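Chains as they are written, first to last, in the working numbering: chain A, 1 to 134; chain B, 1 to 134; chain C, 1 to 134; chain D, 1 to 134. Remarks on the structure that follows.
4 protein chains.
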Amino acid sequence: MSYARQMIDSYPHQSEIDAGVLAAAIDALSDCIQACTTDLDADLSESNLADMVKCIRLCMHCSDVCEATLGLLSRPAEHDNRVITPLLEACIAICKSCGDECERHAHMHAHCRVCEEACRRCEQACRELQVAMS
Amino acid sequence: MSYARQMIDSYPHQSEIDAGVLAAAIDALSDCIQACTTDLDADLSESNLADMVKCIRLCMHCSDVCEATLGLLSRPAEHDNRVITPLLEACIAICKSCGDECERHAHMHAHCRVCEEACRRCEQACRELQVAMS
Amino acid sequence: MSYARQMIDSYPHQSEIDAGVLAAAIDALSDCIQACTTDLDADLSESNLADMVKCIRLCMHCSDVCEATLGLLSRPAEHDNRVITPLLEACIAICKSCGDECERHAHMHAHCRVCEEACRRCEQACRELQVAMS
Amino acid sequence: MSYARQMIDSYPHQSEIDAGVLAAAIDALSDCIQACTTDLDADLSESNLADMVKCIRLCMHCSDVCEATLGLLSRPAEHDNRVITPLLEACIAICKSCGDECERHAHMHAHCRVCEEACRRCEQACRELQVAMS
Numbered sequence: 001m002s003y004a005r006q007m008i009d010s011y012p013h014q015s016e017i018d019a020g021v022l023a024a025a026i027d028a029l030s031d032c033i034q035a036c037t038t039d040l041d042a043d044l045s046e047s048n049l050a051d052m053v054k055c056i057r058l059c060m061h062c063s064d065v066c067e068a069t070l071g072l073l074s075r076p077a078e079h080d081n082r083v084i085t086p087l088l089e090a091c092i093a094i095c096k097s098c099g100d101e102c103e104r105h106a107h108m109h110a111h112c113r114v115c116e117e118a119c120r121r122c123e124q125a126c127r128e129l130q131v132a133m134s
Numbered sequence: 001m002s003y004a005r006q007m008i009d010s011y012p013h014q015s016e017i018d019a020g021v022l023a024a025a026i027d028a029l030s031d032c033i034q035a036c037t038t039d040l041d042a043d044l045s046e047s048n049l050a051d052m053v054k055c056i057r058l059c060m061h062c063s064d065v066c067e068a069t070l071g072l073l074s075r076p077a078e079h080d081n082r083v084i085t086p087l088l089e090a091c092i093a094i095c096k097s098c099g100d101e102c103e104r105h106a107h108m109h110a111h112c113r114v115c116e117e118a119c120r121r122c123e124q125a126c127r128e129l130q131v132a133m134s
Numbered sequence: 001m002s003y004a005r006q007m008i009d010s011y012p013h014q015s016e017i018d019a020g021v022l023a024a025a026i027d028a029l030s031d032c033i034q035a036c037t038t039d040l041d042a043d044l045s046e047s048n049l050a051d052m053v054k055c056i057r058l059c060m061h062c063s064d065v066c067e068a069t070l071g072l073l074s075r076p077a078e079h080d081n082r083v084i085t086p087l088l089e090a091c092i093a094i095c096k097s098c099g100d101e102c103e104r105h106a107h108m109h110a111h112c113r114v115c116e117e118a119c120r121r122c123e124q125a126c127r128e129l130q131v132a133m134s
Numbered sequence: 001m002s003y004a005r006q007m008i009d010s011y012p013h014q015s016e017i018d019a020g021v022l023a024a025a026i027d028a029l030s031d032c033i034q035a036c037t038t039d040l041d042a043d044l045s046e047s048n049l050a051d052m053v054k055c056i057r058l059c060m061h062c063s064d065v066c067e068a069t070l071g072l073l074s075r076p077a078e079h080d081n082r083v084i085t086p087l088l089e090a091c092i093a094i095c096k097s098c099g100d101e102c103e104r105h106a107h108m109h110a111h112c113r114v115c116e117e118a119c120r121r122c123e124q125a126c127r128e129l130q131v132a133m134s
């Protein structure tokens, strides 16, 4: 069981959000941050560097937005839809863009293929959380 | 002149956003993160600790969302309204909530008064950026 | 296989550090950040709040230092022992302190027990990385 | 007066560290993060991109370590020399490396000149804090 799920299950405050959906989003966000952080460093080592600039930038943006989303979801007590709803929307948008850009390089660079997968899973997990919250 | 403004003025890529409005938002976000980070630690030292819990939590949320917004605005080359627009919305919402909560404690705790001011200025600077981007 | 390990295995730049030890440290750091972030929010919901203040503060410190360590280890191309060696030392020290403090509350709060475990594992993984790097 | 100084002056907990030296370090860290974040995005827009890779990577490392140092210094209540001393050492080392690398590009790129200055000031402010703490 992931630490996210263990922590949620031992949490004193009862969340309105389904624990499984929330833990899945937290794990997917954490994986996506990890994949984006390493992918952009790998991109910087590639010989077709000029082609990788957009990917590097989107990985940084994606990691920043996922980081904020992860922070807020990991501290669920002070939950506010006026903040979480647009934040999830921003997160889904950047995971989509970053996943699309990684896909363009996936046939050449295995690290982009892995990062694409992490972005797609994160986008999907955030969409499922949107549904669970509505 | 702030570092944000100096960096923007020496930036090779021409931004569509007015440099003054962008630099003001970056500076206000940076100040707000600083104020929230210190305010929550100060809150934890207060004798009316149970009353400060909401303030502590909102300061953490505010700092996280401002951090992501600051990151994306500070790397303006790969600007995407589908990401920035909801992110700014989330940022304005949490700055408003956190400012309101700090205001409740401002008469008792000077650190909450200072933090309220930083949140209000950040909210305002993000609203002006919204206008400049639309 | 974790994303950290997948990313390292697909990385174009050959690291001097053993891939298994590095991936284990990255995963343990990521888990520790997650556990600390949620633990401090859970602490804020406990009735013995005044007793939890030190734990809350150490969780924030631990999460910050782990975050920096994770960032640098996840981008291994520009590795510099003058930076990584003291950073790992700081990380081990705060994981130790935070784990010790969580242990004090582990019999009362399951979330502190889970967080203690994550801190201990992270401390251990960072020590193994120290050995692998020396 | 900077927000850092205002917050420290309104802080309930008396720090052992001189308020002026602490506030100067906090402001310099915050400026350095800002400069590094923008500098690396500017680097990615330069035509001599392959020459900028080391600078990009050091800016990311520098920003991460400064972020952790800033976090711990901004929450001074739970101060522990076993953590802060090596963290400051790591911070000084990366500010030095990043400043040196930015200096190499300063004659070509104004953004690297600005970033060099921010790194040098941050290194200096951290050294002064080391002295104040010893």
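We treat Cβ as the ideally placed atom computed from N, Cα and C, and that holds for glycine. These numbers come from a predicted model, not from an experiment.
- R120(D) and R75(D) have their alpha carbons spaced roughly 24 Å apart.
- Taking 9 Å as the Cβ-Cβ cut-off, the segment 10 to 28 of chain C approaches chain A at S10, Y11, P12, H13, I26 and D27, given in chain order.
- With at least 16 other beta carbons inside 10 angstroms of its own, S97(C) counts as buried.
- Below the 7 Å Cβ cutoff, chain C contributes P86 as neighbours of E89(D), in chain order.
- Per DSSP, S63(D) is one residue of the alpha helix (DSSP H) stretching across L49 to S74.
- Nearest in C-alpha terms to E116(D), of all of S2(D), I33(D), D9(D) and R5(D), is I33(D).
- Taking C-beta atoms as the reference points, T37(A) and G20(C) fail to come closer than 8 Å.
- A Cβ-Cβ contact shorter than 8 Å links L44(A) with I56(D).
- Of all residues in the segment 61 to 75 of chain D, only H61, D64, V65, E67, A68, G71, L72 and R75 place a beta-carbon less than 7 Å from a beta-carbon of chain C.
- With a threshold of 16 other beta carbon atoms within 10 Å, E16(D) falls short and is exposed.
- The Cβ atoms of V83(B) and A35(B) lie no closer than 8 Å to each other.
- D31(C) sits in a helix when the DSSP states are folded into three classes.
- Contact with chain A is absent for L58(D), since none of that chain's Cβ atoms lies less than 8 Å from the residue's Cβ.
- For the C-beta of A50(A), the chain D residues within less than 8 Å are, from N- to C-terminus, L49.
- Under the criterion of beta carbons closer than 8 Å, L29(B) and C66(B) qualify as touching, at roughly 5 Å.
- Under the Cβ criterion of 8 Å, S97(C) is counted among the residues facing chain D.
- When the five nearest sequence neighbours on each side are left out, the beta carbons in the same chain lying within less than 7 Å of the beta carbon of D9(B) are those of A19, in order along the chain.
- As the crow flies, the alpha-carbon of M133(D) is around 50 Å from that of A132(A).
- With distances taken between CA atoms, P12(C) lies nearest to H109(A) out of L88(A), H105(A), H109(A) and D31(A).
- When C-beta distances to chain C are compared with 8 Å, the residues of the segment 28 to 43 of chain B below that value are D41, in chain order.
- Annotation: the continuous alpha helix (DSSP H) that includes Y3(D) extends over Y3 to D9.
- Taking 8 Å as the cut-off, the Cβ atoms of L87(B) and L49(C) do not count as close.
- DSSP places L129(D) in the uninterrupted alpha helix (DSSP H) bounded by A110 to M133.
- DSSP places L44(C) outside both helix and strand once states are collapsed to three, so it counts as coil.
- For S45(D), the C-beta contacts it makes with chain B under 7 Å involve P12, H13 and A77, in order along the chain.
- Within chain D, no C-beta atom comes less than 8 Å from the C-beta of A132(B); the nearest is roughly 18 Å away.
- When 7 Å is used as the limit between beta carbons, H107(C) is near no residue of chain A, the shortest such separation being about 13 Å.
- Within the model, the alpha-carbon separation for A125(A) versus D31(A) is close to 12 Å.
- Contact with chain D is absent for A125(B), since none of that chain's Cβ atoms lies less than 8 Å from the residue's Cβ.
- Here E16(B) carries a coil assignment [DSSP, helix/strand/coil].
- Residues of the same chain with a CB within less than 6 Å of the CB of H61(C), apart from the 5 flanking positions on each side, are I94 in chain order.
- By the Cβ neighbour-count rule, D51(B) is exposed, with fewer than 16 other Cβ atoms within 10 Å of its own.
- With its beta carbon less than 8 Å from one in chain C, V53(B) belongs to the interface.
- Contacts between D80(A) and chain B, judged by CB atoms closer than 9 Å, involve L58, H61, A93, I94 and S97 in chain order.
- The Cβ of V114(B) sits no closer than 8 Å to any Cβ of chain A.
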